[in-house]
Amino acid sequence: MTVSRYLFLLSIIIMIILSAVAISSYGQGFVERPKYAERVVLLSIDAVRADLAFQLAEEGKLPGFKYLIDHGVVAQGMIVSFPSATAVSHAVISTGAPPGVTGITGNSFHEPGLKVYEKLPGFNGAYLRAEPIWVTADKNGLKAIVASFPQSTPSAWEDKVTKADLFNPYDAFLWPVSYSTLYTTNTSIPRATVISFTEASGWANTDVIGSVVEAYESSISMGDDTWYLYLAELDGDGHPDKLAIVPGEKDLSKALTILSEGEWSQPLNTTITYNGETYIVAPLFKAIDLSLTNFRLYRSLTRPYNGNWFNNETLAWMVWNNVVVKTGMLTDGDWYALVNEWIDPDTYMETVNLTNTFFKEFTLYLIKHTNWNVLLAYTPIVDNVYHQFLGLIDPSMPYYDPEKADKYREYIEEAMIWADSILKAIIDNVDLDNTVVMVVSDHGQWSVKKIVYVNSILYQAGL
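Taken in order, the sequence shown gives residues 0 to 462; the numbers are from numbering that gives the first Met the number 0.
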(Lines of atoms letter the chains of each structure in order from A and count residues from 1; the text may use other names and numbers.)
(Lines give C-alpha, C1' and ligand atoms only; values in the text may rest on other atoms or scores of the structure.)
Protein backbone atom coordinates (compact mmCIF):
# COMPACT_ATOMS: atom_id res chain seq x y z
CA MET A 1 0.00 0.00 0.00
CA THR A 2 1.50 3.37 -0.99
CA VAL A 3 2.33 6.24 1.33
CA SER A 4 -0.30 8.38 -0.36
CA ARG A 5 -2.95 5.97 0.89
CA TYR A 6 -2.21 7.22 4.37
CA LEU A 7 -2.22 10.85 3.36
CA PHE A 8 -5.81 11.00 2.26
CA LEU A 9 -7.81 13.95 3.37
CA LEU A 10 -10.29 11.99 5.45
CA SER A 11 -13.69 13.48 4.91
CA ILE A 12 -16.67 11.62 6.28
CA ILE A 13 -19.94 13.45 5.89
CA ILE A 14 -23.19 12.57 7.57
CA MET A 15 -26.26 13.91 5.87
CA ILE A 16 -29.47 12.90 7.58
CA ILE A 17 -31.28 15.51 5.52
CA LEU A 18 -33.09 13.42 2.95
CA SER A 19 -35.34 14.40 0.12
CA ALA A 20 -39.03 14.09 0.88
CA VAL A 21 -41.17 12.04 -1.44
CA ALA A 22 -44.65 13.23 -2.22
CA ILE A 23 -47.49 12.07 -4.41
CA SER A 24 -48.96 14.54 -6.82
CA SER A 25 -52.69 15.11 -7.19
CA TYR A 26 -52.46 13.18 -10.45
CA GLY A 27 -51.19 10.10 -8.60
CA GLN A 28 -47.70 10.41 -10.07
CA GLY A 29 -44.73 10.28 -7.65
CA PHE A 30 -42.04 12.93 -7.73
CA VAL A 31 -39.04 13.91 -5.62
CA GLU A 32 -39.16 17.36 -4.16
CA ARG A 33 -36.15 19.62 -4.17
CA PRO A 34 -33.62 18.52 -1.54
CA LYS A 35 -34.12 19.96 1.89
CA TYR A 36 -31.09 22.04 2.78
CA ALA A 37 -29.57 21.76 6.23
CA GLU A 38 -30.08 24.69 8.55
CA ARG A 39 -26.86 24.01 10.40
CA VAL A 40 -23.39 22.57 9.76
CA VAL A 41 -20.78 21.38 12.25
CA LEU A 42 -17.26 20.79 10.94
CA LEU A 43 -14.83 18.97 13.24
CA SER A 44 -11.18 18.74 12.26
CA ILE A 45 -9.20 15.96 13.95
CA ASP A 46 -5.59 16.78 13.22
CA ALA A 47 -3.57 14.06 11.43
CA VAL A 48 -6.10 11.20 11.50
CA ARG A 49 -5.08 8.44 9.11
CA ALA A 50 -7.92 7.00 7.08
CA ASP A 51 -6.77 3.40 7.45
CA LEU A 52 -6.63 3.52 11.24
CA ALA A 53 -9.95 5.36 11.53
CA PHE A 54 -11.75 2.75 9.44
CA GLN A 55 -10.03 -0.15 11.23
CA LEU A 56 -10.91 1.05 14.74
CA ALA A 57 -14.42 2.00 13.69
CA GLU A 58 -15.04 -1.50 12.37
CA GLU A 59 -13.70 -2.91 15.65
CA GLY A 60 -16.36 -0.89 17.47
CA LYS A 61 -13.87 1.38 19.22
CA LEU A 62 -14.90 4.60 17.47
CA PRO A 63 -18.70 4.92 17.79
CA GLY A 64 -18.71 8.42 16.33
CA PHE A 65 -16.88 7.39 13.16
CA LYS A 66 -18.90 4.18 13.00
CA TYR A 67 -22.16 6.14 13.04
CA LEU A 68 -21.00 8.35 10.19
CA ILE A 69 -19.77 5.41 8.14
CA ASP A 70 -23.05 3.54 8.60
CA HIS A 71 -25.44 6.47 8.15
CA GLY A 72 -23.56 9.06 6.13
CA VAL A 73 -21.40 9.60 3.09
CA VAL A 74 -17.73 8.65 3.03
CA ALA A 75 -15.29 10.37 0.67
CA GLN A 76 -12.28 8.22 -0.12
CA GLY A 77 -9.21 8.79 -2.24
CA MET A 78 -8.91 12.50 -1.53
CA ILE A 79 -5.35 13.82 -1.62
CA VAL A 80 -4.23 16.54 0.75
CA SER A 81 -2.88 19.86 -0.44
CA PHE A 82 0.87 20.25 -0.73
CA PRO A 83 2.71 20.64 1.53
CA SER A 84 0.60 18.51 3.84
CA ALA A 85 1.06 20.61 6.96
CA THR A 86 -1.52 21.66 9.53
CA ALA A 87 -1.66 25.37 8.73
CA VAL A 88 -1.60 24.76 4.97
CA SER A 89 -4.36 22.17 4.89
CA HIS A 90 -6.66 24.00 7.30
CA ALA A 91 -6.43 27.11 5.15
CA VAL A 92 -7.52 24.96 2.20
CA ILE A 93 -10.37 23.41 4.21
CA SER A 94 -11.73 26.72 5.49
CA THR A 95 -11.51 28.53 2.14
CA GLY A 96 -11.73 25.87 -0.58
CA ALA A 97 -8.72 27.47 -2.26
CA PRO A 98 -5.29 25.91 -2.93
CA PRO A 99 -2.16 27.09 -1.08
CA GLY A 100 -1.12 29.25 -4.01
CA VAL A 101 -4.27 31.27 -3.43
CA THR A 102 -4.53 31.14 0.37
CA GLY A 103 -0.94 32.31 0.76
CA ILE A 104 -0.41 29.79 3.57
CA THR A 105 2.37 27.57 2.25
CA GLY A 106 3.71 26.22 5.53
CA ASN A 107 3.23 26.20 9.27
CA SER A 108 5.69 29.04 8.95
CA PHE A 109 6.82 30.43 5.63
CA HIS A 110 9.11 32.91 3.94
CA GLU A 111 7.89 35.68 1.67
CA PRO A 112 9.80 37.86 -0.80
CA GLY A 113 11.23 40.93 0.87
CA LEU A 114 11.91 39.23 4.19
CA LYS A 115 15.43 38.54 5.39
CA VAL A 116 16.54 35.02 4.59
CA TYR A 117 16.10 33.88 8.21
CA GLU A 118 12.70 35.54 8.72
CA LYS A 119 9.41 33.67 8.57
CA LEU A 120 5.72 34.42 8.98
CA PRO A 121 3.38 32.29 11.14
CA GLY A 122 1.08 30.16 9.00
CA PHE A 123 -1.48 29.83 11.79
CA ASN A 124 -2.11 33.58 11.92
CA GLY A 125 -5.25 34.59 10.03
CA ALA A 126 -3.67 37.93 9.13
CA TYR A 127 -1.76 36.13 6.36
CA LEU A 128 -4.72 34.20 4.94
CA ARG A 129 -5.45 35.75 1.53
CA ALA A 130 -8.53 33.71 0.62
CA GLU A 131 -11.93 34.11 2.24
CA PRO A 132 -12.68 31.56 5.00
CA ILE A 133 -16.12 30.10 5.59
CA TRP A 134 -16.75 32.23 8.68
CA VAL A 135 -16.44 35.39 6.57
CA THR A 136 -18.56 33.95 3.76
CA ALA A 137 -21.27 32.96 6.22
CA ASP A 138 -21.17 36.39 7.81
CA LYS A 139 -21.58 38.11 4.44
CA ASN A 140 -24.67 36.03 3.81
CA GLY A 141 -26.34 36.84 7.11
CA LEU A 142 -25.43 33.54 8.78
CA LYS A 143 -23.89 33.07 12.21
CA ALA A 144 -20.54 31.30 12.39
CA ILE A 145 -18.99 30.07 15.62
CA VAL A 146 -15.35 28.99 15.55
CA ALA A 147 -14.23 27.16 18.69
CA SER A 148 -10.73 26.78 17.35
CA PHE A 149 -9.32 26.55 13.85
CA PRO A 150 -5.99 27.53 12.33
CA GLN A 151 -6.20 31.11 11.03
CA SER A 152 -9.29 31.90 13.15
CA THR A 153 -7.18 34.61 14.82
CA PRO A 154 -9.92 36.95 16.12
CA SER A 155 -7.94 40.17 15.60
CA ALA A 156 -7.38 39.30 11.93
CA TRP A 157 -11.11 39.31 11.19
CA GLU A 158 -12.42 42.09 13.44
CA ASP A 159 -13.20 44.41 10.52
CA LYS A 160 -14.53 41.61 8.28
CA VAL A 161 -17.24 39.97 10.40
CA THR A 162 -20.17 41.38 12.36
CA LYS A 163 -21.98 38.21 13.46
CA ALA A 164 -19.29 35.57 13.84
CA ASP A 165 -17.92 34.62 17.26
CA LEU A 166 -14.31 33.59 16.81
CA PHE A 167 -11.99 31.87 19.27
CA ASN A 168 -8.40 30.72 19.00
CA PRO A 169 -7.20 29.43 22.39
CA TYR A 170 -3.65 29.19 21.05
CA ASP A 171 -3.53 32.99 21.05
CA ALA A 172 -4.03 33.06 24.85
CA PHE A 173 -0.39 33.26 25.85
CA LEU A 174 1.63 35.17 28.43
CA TRP A 175 5.35 34.91 27.79
CA PRO A 176 7.18 33.37 29.62
CA VAL A 177 4.62 32.52 32.31
CA SER A 178 2.41 30.32 30.13
CA TYR A 179 5.08 27.69 29.49
CA SER A 180 4.79 24.51 31.54
CA THR A 181 7.56 23.64 33.96
CA LEU A 182 8.79 21.06 36.43
CA TYR A 183 9.70 22.19 39.94
CA THR A 184 12.28 19.76 41.28
CA THR A 185 15.09 19.22 43.77
CA ASN A 186 16.86 17.00 41.23
CA THR A 187 19.52 19.10 39.49
CA SER A 188 20.11 16.48 36.77
CA ILE A 189 16.74 17.00 35.06
CA PRO A 190 17.22 19.18 31.97
CA ARG A 191 15.56 22.59 31.71
CA ALA A 192 13.56 22.14 34.90
CA THR A 193 13.07 24.75 37.64
CA VAL A 194 15.27 23.69 40.56
CA ILE A 195 14.00 24.46 44.07
CA SER A 196 15.06 23.48 47.58
CA PHE A 197 13.19 22.73 50.79
CA THR A 198 13.88 23.91 54.31
CA GLU A 199 12.15 23.17 57.59
CA ALA A 200 8.70 24.77 57.58
CA SER A 201 8.18 27.71 59.93
CA GLY A 202 5.60 30.41 60.56
CA TRP A 203 2.65 28.55 59.03
CA ALA A 204 -0.93 29.08 60.16
CA ASN A 205 -3.74 26.50 60.23
CA THR A 206 -1.50 23.47 59.71
CA ASP A 207 -4.24 21.24 61.10
CA VAL A 208 -5.94 21.54 57.71
CA ILE A 209 -3.53 18.98 56.31
CA GLY A 210 -3.75 16.52 59.22
CA SER A 211 -1.43 15.48 62.04
CA VAL A 212 2.01 16.56 60.83
CA VAL A 213 5.16 14.67 61.87
CA GLU A 214 7.63 16.69 59.79
CA ALA A 215 7.04 19.64 57.45
CA TYR A 216 9.15 21.40 54.85
CA GLU A 217 8.63 24.49 52.74
CA SER A 218 9.72 26.02 49.48
CA SER A 219 8.37 28.60 47.07
CA ILE A 220 7.79 29.04 43.36
CA SER A 221 7.15 32.07 41.18
CA MET A 222 3.90 32.52 39.31
CA GLY A 223 4.51 35.63 37.27
CA ASP A 224 5.64 38.20 39.81
CA ASP A 225 3.82 36.42 42.65
CA THR A 226 5.23 34.01 45.21
CA TRP A 227 3.38 30.76 45.83
CA TYR A 228 4.41 28.65 48.80
CA LEU A 229 4.79 24.88 48.91
CA TYR A 230 4.13 23.05 52.17
CA LEU A 231 5.38 19.46 52.17
CA ALA A 232 4.12 17.35 55.05
CA GLU A 233 5.03 13.92 56.36
CA LEU A 234 2.07 12.44 58.21
CA ASP A 235 2.92 8.82 59.03
CA GLY A 236 6.55 8.98 60.16
CA ASP A 237 7.98 6.74 57.43
CA GLY A 238 10.40 9.39 56.19
CA HIS A 239 8.54 10.02 52.92
CA PRO A 240 6.31 13.13 52.66
CA ASP A 241 2.64 12.38 52.10
CA LYS A 242 0.94 15.69 51.25
CA LEU A 243 1.80 18.82 49.30
CA ALA A 244 -0.10 22.09 49.68
CA ILE A 245 0.15 24.91 47.14
CA VAL A 246 -0.59 28.27 48.74
CA PRO A 247 -0.38 31.66 47.01
CA GLY A 248 0.87 34.72 48.83
CA GLU A 249 1.08 33.74 52.48
CA LYS A 250 1.88 30.81 54.75
CA ASP A 251 -1.67 29.88 55.67
CA LEU A 252 -2.87 26.38 54.87
CA SER A 253 -6.49 27.46 55.06
CA LYS A 254 -5.81 29.40 51.85
CA ALA A 255 -4.28 26.49 49.95
CA LEU A 256 -5.50 26.24 46.37
CA THR A 257 -4.94 22.49 46.44
CA ILE A 258 -3.53 19.74 48.66
CA LEU A 259 -2.12 16.79 46.73
CA SER A 260 -0.97 13.27 47.40
CA GLU A 261 1.85 11.75 45.36
CA GLY A 262 0.71 10.94 41.82
CA GLU A 263 -2.38 13.17 42.07
CA TRP A 264 -3.51 15.94 39.71
CA SER A 265 -5.05 19.13 41.00
CA GLN A 266 -8.22 20.57 39.60
CA PRO A 267 -7.70 23.74 37.53
CA LEU A 268 -6.61 26.41 40.03
CA ASN A 269 -8.78 29.32 38.95
CA THR A 270 -7.06 32.39 40.36
CA THR A 271 -5.18 35.55 39.46
CA ILE A 272 -1.50 36.34 39.15
CA THR A 273 0.37 39.56 38.46
CA TYR A 274 3.07 40.05 35.86
CA ASN A 275 4.77 43.31 34.93
CA GLY A 276 2.14 45.22 36.86
CA GLU A 277 -0.84 43.58 35.13
CA THR A 278 -3.31 41.12 36.65
CA TYR A 279 -4.10 37.93 34.75
CA ILE A 280 -6.75 35.28 35.31
CA VAL A 281 -5.30 31.77 35.02
CA ALA A 282 -6.29 28.17 35.75
CA PRO A 283 -3.16 25.98 35.80
CA LEU A 284 -3.12 22.32 36.75
CA PHE A 285 -0.45 20.68 38.88
CA LYS A 286 0.61 17.06 39.28
CA ALA A 287 2.58 15.90 42.32
CA ILE A 288 4.79 13.35 40.59
CA ASP A 289 7.25 12.63 43.42
CA LEU A 290 7.11 14.04 46.95
CA SER A 291 10.50 12.78 48.16
CA LEU A 292 12.94 15.48 49.26
CA THR A 293 15.78 14.22 47.07
CA ASN A 294 13.76 13.77 43.87
CA PHE A 295 10.81 16.09 44.43
CA ARG A 296 8.88 16.67 41.20
CA LEU A 297 5.89 18.97 40.82
CA TYR A 298 4.68 19.43 37.26
CA ARG A 299 2.76 22.57 36.27
CA SER A 300 0.80 22.49 33.04
CA LEU A 301 0.71 25.01 30.25
CA THR A 302 -0.99 28.08 31.74
CA ARG A 303 -3.04 30.12 29.29
CA PRO A 304 -4.57 33.33 30.69
CA TYR A 305 -8.12 34.53 30.19
CA ASN A 306 -6.75 37.95 29.28
CA GLY A 307 -5.71 38.29 25.68
CA ASN A 308 -6.76 38.31 22.06
CA TRP A 309 -8.07 34.75 21.79
CA PHE A 310 -11.73 35.81 21.39
CA ASN A 311 -13.83 38.55 19.80
CA ASN A 312 -16.86 38.25 22.09
CA GLU A 313 -15.83 38.97 25.68
CA THR A 314 -19.21 38.11 27.18
CA LEU A 315 -19.19 34.68 25.57
CA ALA A 316 -15.51 34.15 26.39
CA TRP A 317 -16.16 34.85 30.07
CA MET A 318 -18.99 32.32 30.01
CA VAL A 319 -16.63 29.78 28.43
CA TRP A 320 -14.01 30.45 31.07
CA ASN A 321 -16.40 30.02 33.98
CA ASN A 322 -18.30 27.05 32.57
CA VAL A 323 -15.51 25.17 30.80
CA VAL A 324 -11.97 26.26 31.65
CA VAL A 325 -12.44 26.29 35.43
CA LYS A 326 -13.54 22.64 35.13
CA THR A 327 -11.14 21.33 32.48
CA GLY A 328 -8.18 23.67 32.40
CA MET A 329 -6.99 25.10 29.10
CA LEU A 330 -4.38 22.70 27.78
CA THR A 331 -4.19 22.92 24.01
CA ASP A 332 -1.61 20.20 23.25
CA GLY A 333 -0.08 17.18 24.87
CA ASP A 334 3.10 18.40 26.59
CA TRP A 335 5.78 16.99 24.30
CA TYR A 336 8.41 19.33 25.77
CA ALA A 337 7.88 17.90 29.24
CA LEU A 338 8.07 14.38 27.79
CA VAL A 339 11.30 14.79 25.82
CA ASN A 340 12.98 16.51 28.78
CA GLU A 341 11.87 13.64 31.06
CA TRP A 342 9.87 15.88 33.38
CA ILE A 343 7.01 13.44 32.92
CA ASP A 344 6.75 9.81 31.82
CA PRO A 345 4.72 8.65 28.79
CA ASP A 346 1.66 7.85 30.93
CA THR A 347 1.60 11.39 32.34
CA TYR A 348 2.13 12.74 28.83
CA MET A 349 -0.99 10.87 27.77
CA GLU A 350 -2.81 12.44 30.71
CA THR A 351 -1.93 15.87 29.27
CA VAL A 352 -3.24 14.66 25.91
CA ASN A 353 -6.52 13.59 27.51
CA LEU A 354 -6.81 16.90 29.38
CA THR A 355 -6.31 18.69 26.06
CA ASN A 356 -9.04 16.70 24.38
CA THR A 357 -11.37 17.20 27.33
CA PHE A 358 -10.96 20.97 27.05
CA PHE A 359 -11.71 21.00 23.32
CA LYS A 360 -14.64 18.61 23.78
CA GLU A 361 -16.32 20.58 26.56
CA PHE A 362 -15.56 23.88 24.82
CA THR A 363 -17.21 22.65 21.62
CA LEU A 364 -20.25 21.25 23.43
CA TYR A 365 -20.73 24.45 25.40
CA LEU A 366 -20.81 26.50 22.20
CA ILE A 367 -23.18 24.02 20.53
CA LYS A 368 -25.61 24.19 23.44
CA HIS A 369 -25.41 27.84 24.46
CA THR A 370 -25.05 29.85 21.25
CA ASN A 371 -27.15 30.36 18.15
CA TRP A 372 -25.22 29.30 15.09
CA ASN A 373 -25.57 28.21 11.49
CA VAL A 374 -21.97 27.07 11.02
CA LEU A 375 -19.72 25.80 13.81
CA LEU A 376 -16.06 24.83 13.39
CA ALA A 377 -14.21 22.78 16.00
CA TYR A 378 -10.79 21.18 16.31
CA THR A 379 -8.68 18.78 18.36
CA PRO A 380 -4.91 18.30 17.94
CA ILE A 381 -4.43 15.18 20.01
CA VAL A 382 -4.02 12.51 17.33
CA ASP A 383 -1.28 14.59 15.73
CA ASN A 384 0.30 15.07 19.17
CA VAL A 385 0.44 11.34 19.84
CA TYR A 386 1.51 10.34 16.32
CA HIS A 387 4.50 12.68 16.60
CA GLN A 388 5.69 11.01 19.78
CA PHE A 389 4.89 7.35 19.17
CA LEU A 390 3.97 6.49 15.57
CA GLY A 391 7.49 5.62 14.45
CA LEU A 392 8.02 3.56 17.57
CA ILE A 393 5.48 0.96 16.44
CA ASP A 394 7.05 0.54 12.99
CA PRO A 395 9.57 -2.36 12.83
CA SER A 396 11.30 -0.75 9.84
CA MET A 397 12.40 2.23 11.91
CA PRO A 398 15.90 2.20 13.47
CA TYR A 399 14.52 3.31 16.84
CA TYR A 400 11.82 0.59 17.03
CA ASP A 401 11.68 -1.21 20.38
CA PRO A 402 9.59 -4.41 20.26
CA GLU A 403 9.28 -4.50 24.06
CA LYS A 404 7.58 -1.10 24.11
CA ALA A 405 5.74 -1.14 20.78
CA ASP A 406 2.50 -2.59 22.16
CA LYS A 407 2.32 0.16 24.79
CA TYR A 408 2.88 2.86 22.19
CA ARG A 409 0.21 1.27 20.00
CA GLU A 410 -2.19 1.52 22.94
CA TYR A 411 -1.38 5.22 23.27
CA ILE A 412 -2.22 5.81 19.60
CA GLU A 413 -5.47 3.90 19.90
CA GLU A 414 -6.38 5.83 23.06
CA ALA A 415 -5.87 9.13 21.26
CA MET A 416 -8.17 8.01 18.45
CA ILE A 417 -10.83 6.95 20.96
CA TRP A 418 -10.62 10.25 22.83
CA ALA A 419 -10.85 12.28 19.62
CA ASP A 420 -13.82 10.19 18.52
CA SER A 421 -15.54 11.11 21.78
CA ILE A 422 -15.81 14.70 20.53
CA LEU A 423 -17.42 13.51 17.31
CA LYS A 424 -19.84 11.26 19.19
CA ALA A 425 -20.74 14.08 21.58
CA ILE A 426 -21.47 16.39 18.64
CA ILE A 427 -23.71 13.78 17.02
CA ASP A 428 -25.55 13.26 20.32
CA ASN A 429 -26.11 16.98 20.92
CA VAL A 430 -27.32 18.33 17.59
CA ASP A 431 -30.60 17.85 15.79
CA LEU A 432 -29.69 15.55 12.93
CA ASP A 433 -32.95 16.39 11.18
CA ASN A 434 -31.57 19.80 10.27
CA THR A 435 -27.82 19.55 10.87
CA VAL A 436 -24.96 18.24 8.76
CA VAL A 437 -22.04 16.92 10.81
CA MET A 438 -18.71 16.68 9.01
CA VAL A 439 -15.36 15.37 10.23
CA VAL A 440 -12.17 16.02 8.32
CA SER A 441 -8.45 15.55 8.76
CA ASP A 442 -5.81 17.93 7.47
CA HIS A 443 -3.26 15.22 6.69
CA GLY A 444 -2.10 11.77 7.72
CA GLN A 445 1.26 10.89 9.21
CA TRP A 446 4.02 8.43 8.44
CA SER A 447 7.07 7.15 10.29
CA VAL A 448 10.26 9.12 9.66
CA LYS A 449 13.60 7.35 9.33
CA LYS A 450 15.72 10.43 8.83
CA ILE A 451 15.41 14.16 8.31
CA VAL A 452 16.60 15.74 5.08
CA TYR A 453 17.71 19.37 5.31
CA VAL A 454 16.98 20.65 1.82
CA ASN A 455 18.42 24.10 2.44
CA SER A 456 21.73 22.56 3.53
CA ILE A 457 21.84 20.44 0.37
CA LEU A 458 21.22 23.50 -1.77
CA TYR A 459 23.85 25.48 0.13
CA GLN A 460 26.45 22.75 -0.24
CA ALA A 461 25.68 22.65 -3.95
CA GLY A 462 26.34 26.36 -4.20
CA LEU A 463 22.72 27.16 -4.99
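Ideal Cβ positions, reconstructed from N, Cα and C, are used throughout, including at glycine.
The model shown is predicted, which means the values in this text are computed figures rather than measured ones.
Asked: My output table needs one value for Trp263: the three-state DSSP class, helix, strand or coil.; Found: strand
Asked: At which residues does the beta strand (DSSP E) containing Leu467 begin and terminate?; Found: It is not possible to answer for residue 467, since the shown part of the chain is limited to 0 through 462.
Asked: So, with DSSP's three-state summary, where would you put Ser80?; Found: coil
Asked: Would you call the CB atoms of Thr94 and Pro120 closer than 7 Å?; Found: no
Asked: Please state whether the Cβ-Cβ distance between Phe388 and Ile411 is less than 7 Å.; Found: yes
Asked: Could you give the residue range of the beta strand (DSSP E) that holds Ser420?; Found: Careful: Ser420 lies outside any beta strand (DSSP E), inside the alpha helix (DSSP H) at Pro401 to Asn428.
Asked: Buried or exposed: Thr186, going by 16 or more other Cβ atoms within 10 Å of its Cβ?; Found: exposed
Asked: Less than 7 Å separating the beta-carbons of Pro282 and Thr301?; Found: yes
Asked: Measure the C-alpha to C-alpha separation of Glu262 and Lys403 and round it to an integer number of angstroms.; Found: 25 Å
Asked: So, is Asp236 buried or exposed, given that buried needs 16 or more other C-beta atoms within 10 angstroms?; Found: exposed
Asked: To the nearest angstrom, how far is it from the Cα of Phe361 to the Cα of Tyr273?; Found: 27 Å
Asked: Tell whether a beta-carbon distance below 7 Å holds between Gly306 and Ala171.; Found: yes
Asked: Please tell me whether Asn167 and Ser147 are closer than 7 Å, where the distance is taken between their beta carbons.; Found: yes
Asked: How is the beta strand (DSSP E) around Ser177 delimited, first residue to last?; Found: Looking at the DSSP string, Ser177 is not in any beta strand (DSSP E), and its letter there is neither H nor E.
Asked: Return helix, strand or coil for Leu314, following the three-state DSSP convention.; Found: helix
Asked: Go through the region 88-153 residue by residue and report every complete run of the alpha helix (DSSP H) that reaches 4 residues or more, in order.; Found: 98-101 and 132-138
Asked: Across the region 287-300 and the region 173-183, are there enough close Cβ pairs to call them in contact, namely three or more that are closer than 8 Å?; Found: yes
Asked: Of all the options Asp441, His442 and Asn372, which has the alpha carbon lying nearest to the alpha carbon of Glu37?; Found: Asn372
Asked: Return the first residue and the last residue of the beta strand (DSSP E) that Val436 is part of.; Found: Thr434 to Val439
Asked: Just to confirm the assignment, what range does the alpha helix (DSSP H) spanning Ala56 have?; Found: Ala49 to Glu57
Asked: So if DSSP puts Leu165 in a beta bridge, which residue, or which two residues, is it bridged to?; Found: Val145
Asked: Alpha carbon to alpha carbon, how far is Leu296 from Val439? Give it in angstroms, no decimals.; Found: 37 Å
Asked: Secondary structure at Glu157, three-state DSSP: helix, strand or coil?; Found: coil
Asked: Using only alpha-carbon positions, find the residue among Ala254, Lys423, Trp316 and Lys118 that is nearest to Asn514.; Found: Not covered by the structure: residue 514. The range shown for the chain is 0 to 462.
Asked: Quick test of your reading: Leu289 and Leu233, contact by CB under 8 Å. State the CB separation rounded to the nearest angstrom.; Found: Going by Cβ atoms, the distance from Leu289 to Leu233 rounds to 11 Å, so no, they are not a contact pair.
Asked: Does the Cβ-Cβ distance between Val39 and Val435 come in under 7 Å?; Found: yes
Asked: Does His89 pass the burial test, meaning 16 or more other C-beta atoms within 10 Å, or should it be called exposed?; Found: buried
Asked: Could you give the first and the last residue of the continuous alpha helix (DSSP H) run that contains Val453?; Found: Val453 to Gln459
Asked: Beta strand (DSSP E) containing Tyr398: first to last residue?; Found: It is not in any beta strand (DSSP E) - Tyr398 carries neither H nor E in the DSSP assignment.
Asked: Rounded to whole angstroms, what's the CA-CA distance from Lys118 to Asn454? Just pull it up for me.; Found: 15 Å
Asked: What ranges does the alpha helix (DSSP H) occupy inside the region 271-349, keeping only unbroken runs of at least 4 residues that lie completely in it?; Found: 312-318 and 334-338
Asked: Rounded C-beta distance between Ile279 and Tyr304? I'm assuming under 8 Å.; Found: 4 Å
Asked: With DSSP run on the structure shown, which of helix, strand or coil describes Pro62?; Found: helix
Asked: Can we say the region 99-110 touches the region 53-71, given the rule of at least three CB pairs closer than 8 Å?; Found: no
Asked: Judging by CA-CA distance, which residue of Glu340, Gly390, Met348 and Gln265 is the nearest neighbour of Lys448?; Found: Gly390
Asked: I'd like the list of long-range same chain contacts for Ser83, defined as Cβ closer than 8 Å, with 5 residues on each side in sequence excluded.; Found: Leu6, Asp441, His442 and Gly443
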